[in-house]
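Inspection log for the structure reproduced underneath, given as structure tokens.
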Amino acid sequence: MYVCVCRAVTEKHIESAVNAGARRLRDLRTQLGVTEECGRCAKCAKQCLEDAVGQQCAPDTHPTCGPVSFQLQEAT
Numbered sequence: 122m123y124v125c126v127c128r129a130v131t132e133k134h135i136e137s138a139v140n141a142g143a144r145r146l147r148d149l150r151t152q153l154g155v156t157e158e159c160g161r162c163a164k165c166a167k168q169c170l171e172d173a174v175g176q177q178c179a180p181d182t183h184p185t186c187g188p189v190s191f192q193l194q195e196a197t
């Protein structure tokens, strides 16, 4: 789906930007140019960003992103 028609930015572009380190709308603006023209895409772009960041650390996709538990053993 197109998120920003002014810059032809899709959800896939936003996912790629997140994989490259984008974490804020400002990062998307710098990397992809979203919100620079008319600004109508800001709300959708922010939602797509939040979804992509959430997917990146979903426990089923990256098991190490969740809480880590371990037991310490007393030295003998």
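Taking our numbering, the leading residue of the sequence shown gets 122, the next gets one more, and so forth. Just so you know, even glycine gets a beta-carbon here, dropped at the ideal spot from N, CA and C.
Residue burial is scored here from C-beta neighbours: Thr-151 has fewer than 16 other C-beta atoms within 10 angstroms and is therefore classed as exposed. In the structure shown, Val-139 falls within a helical segment according to DSSP collapsed to helix, strand and coil.
Gln-176 and Thr-156 have their C-alpha atoms spaced approximately 23 angstroms apart. By the Cβ-count criterion, Ala-129 is exposed, with fewer than 16 other Cβ atoms from all chains shown falling within 10 Å of its own Cβ. Close CB contacts of Arg-147 within its chain, under the 6 angstroms cut and outside five residues either way in sequence, are absent.
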